Amino acid sequence: MTTQSIVLLLILAISTCSSYADYCDPAICKNVKAQHVACNAPQKFGTPCGRDAKYITMDNKLKTIILNKHNELRAEIARGMYGFPQAARMPTLAWHDELAKVSTYNARNCTLEHDKCRNTKEFRYAGQNLGIIWYRRYKYQPEDRVTDFIQQWFDEHKDCPKSYIDKFPAKHDGPLIGHFTQMVNDRVTMVGCSLVHYVTYPNGEETLNYYFVCNYSMANVIGGRVYTKGTTGSNCKTGQNPNFKGLCSSKEKVEPKP
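Numbered according to UniProt numbering, the sequence shown spans residues 1 to 258.
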């Protein structure tokens, strides 16, 4: 069975039809003391989305690309590449429909700004990565764009002090590093993303845009570890993933708590 088919099965296994939370229930965002992004949210695209805004369908092909890219890069960190310490228990990411659904409420605003709460009933400390790009003339394919966004987030490792792995800082002065640490957090097991394509006309010239939002089952926590250091996979309870060397198997269960 190929890696791609295994990931596809993982997508299908995690995708469920269970009812989602009442996002206006204050309890769901109690830990951040903010209104949920989906509470009484407008159903239409925001003004910054300009004309012809549309969601790019997250079909199994695109989900697989997103998962594989995340897991390949997480595995590299777990194996101690780029000068980072090895990770003792880095889970394999799977797709989560509700995280993806909630991400659409941010994406429909077409504004590079984190929402204050994107929690679900299951994930009360949900994290988020954002990316936006505009271009003219050359037409990028969605598959290329999501791969580039994820790689750009990961490339922040070049500016991330190794000490942050043990303790995520309350304040960081310098280039962005939070997208990278979000990607390699060892309490993250699920991800769900959305992608919006829209057209704007700054200075009267047609400009094409992609806005990419990924929500994760766990966020960066100030003062908390990014991942537990140790021999690669040494703390995996269910063994390692043969398709992503360094990650725990897809059966690994990790509590999404600080």
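By construction, the Cβ of each residue, glycine as well, lies at the ideal position given by its N, Cα and C atoms. Note that the structure is predicted; figures quoted are calculated from it, not measured.
>> So the candidates are Cys248, Val254, Phe212 and Gly230; which of them puts its Cα closest to the Cα of Ile66?
In response: As a working note, residue 66 is residue 66 in the sequence shown. Nearest of Cys248, Val254, Phe212 and Gly230 to Ile66, Cα basis: Phe212.
> Out of curiosity, what's the CA-to-CA distance linking Leu9 and Ser250?
Replying inline: Reading the sequence shown from its first residue, position 9 is the one you call residue 9. Reading the sequence shown from its first residue, position 250 is the one you call residue 250. Residue confidence for Leu9 is low, a pLDDT of 43 falling below 50, so the modelled location carries little weight; the figure read from the coordinates is stated next. Spanning the two alpha carbons is a distance of roughly 11 Å.
> Are Glu143 and Leu195 closer than 8 Å when you measure CB to CB?
Replying inline: For the purposes of this step, residue 143 is taken as residue 143 along the sequence shown, with counting starting at 1. For the purposes of this step, residue 195 is taken as residue 195 along the sequence shown, with counting starting at 1. No, Cβ-Cβ distance for Glu143 and Leu195 is not below 8 Å.
>> Below 8 Å on the Cβ atoms is my contact criterion, and I expect Asn220 with Ser103 to pass it. Report the Cβ-Cβ distance as a whole number of Å.
In response: Along the sequence shown, one-based indexing puts residue 220 at 220. Along the sequence shown, one-based indexing puts residue 103 at 103. With a beta-carbon spacing of about 17 Å, Asn220 and Ser103 fall beyond the 8 Å limit used to define contacts.
>> Could you tell me the alpha carbon to alpha carbon distance between Thr64 and Val191, rounded to whole angstroms?
In response: Locating residue 64 in the sequence shown gives position 64, where the first residue counts as 1. Locating residue 191 in the sequence shown gives position 191, where the first residue counts as 1. Each residue's CA atom was taken as its position, placing Thr64 and Val191 some 12 Å apart.
>> Between the alpha carbons of Lys121 and Ala21, how many angstroms are there, rounded?
In response: If you number the sequence shown from 1, residue 121 lands on position 121. If you number the sequence shown from 1, residue 21 lands on position 21. Rounded to whole angstroms, Lys121 to Ala21 spans 6 Å at the Cα level.
> Could you give the distance in angstroms between the alpha-carbon of Lys237 and the alpha-carbon of Trp95?
Replying inline: For the purposes of this step, residue 237 is identified with residue 237 of the sequence shown, where counting begins at 1. For the purposes of this step, residue 95 is identified with residue 95 of the sequence shown, where counting begins at 1. So the alpha carbons of these two residues sit roughly 21 Å apart.
> For Thr3, which of helix, strand or coil comes out of DSSP?
Replying inline: Residue mapping note: residue 3 aligns to position 3 of the sequence shown, counting from 1. For Thr3, the pLDDT reaches just 44, beneath the cut-off of 50, and the residue's location in the model is therefore unreliable, leaving the point undetermined.
> The beta strand (DSSP E) with Thr200 in it runs from where to where?
Replying inline: Taking the first residue of the sequence shown as position 1, residue 200 is located at position 200. Its beta strand (DSSP E) spans residues Met190 to Thr200.
>> Whether or not the segment 223-233 and the segment 178-191 are in contact is what I'm after, with contact meaning three or more pairs of Cβ atoms, one per stretch, closer than 8 Å; do they touch?
In response: The answer is yes - the segment 223-233 touches the segment 178-191, with three or more Cβ pairs under 8 Å.
>> Could you check whether Ala38 and Gly230 sit closer than 8 Å to each other, using their CB atoms as the reference points?
In response: Position 230 of the sequence shown, counting from 1, holds the residue named residue 230. Position 38 of the sequence shown, counting from 1, holds the residue named residue 38. No.
> What is the DSSP secondary structure of Lys162, reduced to helix, strand or coil?
Replying inline: Counting from 1 along the sequence shown, the entry for residue 162 is found at position 162. In the displayed model, Lys162 falls within a helix according to three-state DSSP.
>> How far does the alpha helix (DSSP H) with Val146 in it extend, from its first residue to its last?
In response: Position 146 of the sequence shown, counted from the start, is the residue given in the question as residue 146. Pro142 to Phe154 is the span of the alpha helix (DSSP H), which, as asked, contains Val146.
> So what's Gly127 in DSSP terms, helix, strand or just coil?
Replying inline: Locating residue 127 in the sequence shown gives position 127, where the first residue counts as 1. DSSP places Gly127 in strand when its eight states are reduced to three.
> Taking the alpha-carbon positions, what's the Lys30 to Phe123 distance?
Replying inline: Within the sequence shown, residue 30 is the residue found at index 30, counting from 1. Within the sequence shown, residue 123 is the residue found at index 123, counting from 1. In a straight line, the C-alpha of Lys30 is about 12 Å away from that of Phe123.
> Where in the segment 59-130 do unbroken runs of the alpha helix (DSSP H), each at least 4 residues long, occur, reported from the N-terminal end onward?
Replying inline: With a minimum length of 4 residues, the continuous alpha helix (DSSP H) runs that stay inside the segment 59-130 are 60-78 and 97-107.
> What residues in its chain sit with their C-beta under 8 Å from that of Lys54, if we drop five residues either side in the sequence?
Replying inline: Here residue 54 refers to the residue found at position 54 of the sequence shown. Correct list, in chain order: Val196, His197 and Tyr198.
> Taking the DSSP output, what are the residues bridged to Thr207?
Replying inline: Residue numbering aside, residue 207 sits at position 207 when the sequence shown is read from its first letter. Residue pairing from DSSP places Thr207 in a beta bridge opposite Thr200.
> Based on the DSSP output, what are the partners of Tyr135 in its beta bridges?
Replying inline: Indexing the sequence shown from 1 puts residue 135 at position 135. Leu208, per the DSSP bridge assignment.
> Could you check where the beta strand (DSSP E) with Ala53 kicks off and where it finishes?
Replying inline: Stepping through the sequence shown from its first residue, residue 53 is reached at position 53. Segment Arg51 to Tyr55, the beta strand (DSSP E) holding Ala53.
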